[in-house]
Amino acid sequence: NAGVMQNPRHLVRRRGQEARLRCSPMKGHSHVYWYRQLPEEGLKFMVYLQKENIIDESGMPKERFSAEFPKEGPSILRIQQVVRGDSAAYFCASSPQATGLQETQYFGPGTRLLVL
Amino acid sequence: QKEVEQDPGPLSVPEGAIVSLNCTYSNSAFQYFMWYRQYSRKGPELLMYTYSSGNKEDGRFTAQVDKSSKYISLFIRDSQPSDSATYLCAMSVNNAGKSTFGDGTTLTVKP
């Protein structure tokens, strides 16, 4: 069973460009979470999605950031008009349906975004 | 004030030592408590997962949760150089939903 997959692993953008980060959850997982990790800091929650539905976007910046998890295909985190402060590692996690106490989140390897 | 505070470290111990990693939190609604290990430039890997108060043991790792004190700990026995990593505590209110992380403690185990 393949783990959570993220691509690209590294992404370089110039200020003002768009960044698209992709996340394929583990097989059988229907919940996806996005977190951002700045250097020397812990992970900060951004958004929680189920297929075709945003459950909690309380951690998403109000502008330039959006996320989706379509019925088919990976989850996408989109950052429009990137700025240098967006440089960070972005991690995706997935979990199964919340049907028991053993469910939790399994993380992908992350996408490291560098904005020049 | 952050919802989750973690001892910042860094922590350096000799091989074979017992390591204690700690976090405190302010949100009494947290019920699920996790410890992750993160190697440099990798994603976090779940080590321990505990619901509510109590102890949980898995091999050389023991997780403790004291909800009355809002304090959680991870103990590593017989530490190995391969345990050198950043350890992140995390907690959540619901079984499904966002987790709130500490900033991590970097551990180095010297041979």
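From first to last, the protein sequence lines are chains E and F.
Residue 72 is where the first sequence starts when you use the numbering used here, and the numbers rise one by one after that.
Residue 2 is where the second sequence starts when you use the numbering used here, and the numbers rise one by one after that.
A virtual CB, placed ideally from N, CA and C, is assigned to each residue, including glycine.
Residues 14, 16, 80, 81, 82, 84, 85 of the same chain have their beta carbon placed closer than 7 Å to that of residue 110/F, with the five preceding and five following residues left out of the count. For residue 55/F, the uninterrupted beta strand (DSSP E) run begins and ends at 55 to 59, by DSSP.
If the five residues before and after residue 69/F are omitted, its C-beta is found closer than 8 Å to the C-beta atoms of 54, all from its own chain and listed in chain order. 102, 104, 106, 108: these are the residues of the stretch 88 to 110 of chain E whose beta carbon lies less than 9 Å from some beta carbon of chain F, given in chain order.
In the structure shown, residue 21/F adopts extended strand secondary structure according to DSSP, grouped into three states. For residue 99/F, same chain residues with a beta-carbon under 7 Å away, outside a window of 5 residues either side, are 93 in chain order.
Only those residues of the stretch 37 to 64 of chain F whose C-beta falls short of 8 Å from the nearest C-beta of chain E are listed: 37, 42, 43, 44, 45, 46, 47, 50, 52. Rounded to whole angstroms, the gap between the alpha carbons of residue 60/F and residue 45/F is 19 Å.
Straight-line measurement puts the Cα of residue 162/E at about 20 Å from the Cα of residue 7/F. Taking 8 Å as the cut-off, the Cβ atoms of residue 167/E and residue 94/E do not count as close. The beta-carbon distance between residue 91/E and residue 186/E, rounded to whole angstroms, is 14 Å. This is too long to meet the 8 Å contact definition. Interface residue (Cβ-Cβ distance to chain E less than 8 Å): residue 103/F is classified as such.
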